[in-house]
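Chemist: Can you read through this structure? Questions will come right after.
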Amino acid sequence: MFHSVLLEPAAYASYRRSGRFAGELVAVELAVKDSARFAGRWAYFDFGRRTAGA
383 MFHSVLLEPA AYASYRRSGR FAGELVAVEL AVKDSARFAG RWAYFDFGRR
433 TAGA
């Protein structure tokens, strides 16, 4: 399912207790392997908060 999920120890402990992530989601990154759609077989996407001046 997930390749890597990175959390601070306190955030992981909170998730284990409640089953939910506290606070705001920072970003999601996705890698897709599909030689029919992408010339290099792999495509990478990110879905994070966009802010002015970032």
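Under my numbering, the first residue of the sequence shown is numbered 383, with each subsequent residue one higher. In this text, a Cβ means the ideal position worked out from N, Cα and C, and glycines have one as well.
(1) What is the rounded straight-line gap between the Cα of Arg402 and the Cα of Ala395?
(2) Which residue from Val408, Arg423, Glu406 puts its Cα closest to that of Val414?
(3) Beta-carbon separation of Ala409 and Gly430 under 7 Å?
(4) List the whole-angstrom C-beta distance separating Leu389 from Tyr397, where the pair is believed to meet the contact cut-off of C-beta under 8 Å.
(5) Across which residues does DSSP place Ala425 in a beta bridge pair?
Modeler: Let me lay it out:
(1) For the purposes of this step, residue 402 is taken as the residue at position 20 of the sequence shown. For the purposes of this step, residue 395 is taken as the residue at position 13 of the sequence shown. Roughly 10 Å between the two C-alpha positions.
(2) Stepping through the sequence shown from its first residue, residue 414 is reached at position 32. Comparing Cα-Cα distances from Val414 to each of Val408, Arg423, Glu406, the minimum goes to Arg423.
(3) Start at 1 with the first residue of the sequence shown, and residue 409 comes out as number 27. Start at 1 with the first residue of the sequence shown, and residue 430 comes out as number 48. Yes. Within cutoff.
(4) The sequence position of residue 389 within the sequence shown is 7, counting from 1. The sequence position of residue 397 within the sequence shown is 15, counting from 1. So it is a contact: roughly 7 Å between Cβ atoms.
(5) By one-based count along the sequence shown, residue 425 stands at place 43. Val414.
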